[in-house]
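So our numbering is basically just the index in the sequence shown, starting at one, shifted up by 4.
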Amino acid sequence: MYNTAFLCTYKLHDDDDHQDTLYRHEYLYAFGLTEYDSDKIMETLEYIYNKLKDNTDFIEIVESHPHFRNENNNKNYEIVLQFLFSFHTFNLFHACLTYLLSNDNTRDCTDADMYTIIHEMFIKNKKLLIDEISKK
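Okay, structure coming up:
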């Protein structure tokens, strides 16, 4: 199960090393882990996708990622979902998931909310995302 009961704070710190350490801790905490476990992480990602795959806000966020379609024009839901947990976008995506997975989610995000989220995750951080993806 994904832990939505906390705020990501790793980007609130100035020191890069501290940001990195805190990001890793918050990443594991979001997945309910104390150490990295790829099987549990993939299981949780599958849970998130299955729970939200019919939510238009979630789909819009995932499909707005610059690498949603691969070179063969195939959709990359699984890969993009993993990218959304990267250092550059995790804090924003976690906030989205907290909203989307909450039980009192009775309204969709407004267009302005979605624009802000997408702008922050993919337009403002586009170079950072491309650099990160190139390293893999």
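By construction, the Cβ of each residue, glycine as well, lies at the ideal position given by its N, Cα and C atoms.
All values reported here derive from a predicted model rather than from experimental measurement.
| Check | Outcome |
| --- | --- |
| Tell me which residue opens and which closes the alpha helix (DSSP H) that ASN95 is part of. | 94-105 |
| Give the straight-line distance between the Cα atoms of LEU101 and THR8, rounded to the nearest whole angstrom. | 7 Å |
| For VAL52, count the other beta carbons within 10 Å of its own beta carbon; 16 or more makes it buried, fewer makes it exposed. Which is it? | It is Ile, not Val, that sits at residue 52 in the sequence shown. ILE52 is buried by the Cβ-count criterion. |
| Pull up the CB-CB distance for HIS29 and GLN23, whole angstroms please, since I reckon it's below 8 Å. | Not really, about 11 Å apart at Cβ, beyond 8 Å. |
| Ignore the nearest five residues each way along the sequence and tell me which others in ALA99's own chain have a CB closer than 6 Å to its CB. | none |
| Would you mind reading off the limits of the alpha helix (DSSP H) that contains MET46? | 42-56 |
| Going by DSSP in three states, LEU32 sits in which element: helix, strand or coil? | helix |
| Going by C-alpha to C-alpha distance, which of LYS44, LYS15, ASN80 sits closest to HIS92? | LYS15 |
| Output the distance between the C-alpha atoms of LEU85 and LEU32, rounded to the nearest integer angstrom. | 16 Å |
| Judging by CA-CA distance, which residue of TYR27, LEU96, CYS12, ASP21 is the nearest neighbour of ILE65? | LEU96 |
| Please state whether DSSP places THR25 in a helix, a strand or coil. | helix |
| May I ask you to report which of helix, strand or coil DSSP gives LYS140? | Residue placement at LYS140 is poorly supported in this model, since its pLDDT is 48, which falls under 50; the coordinates are not used for a value here. |
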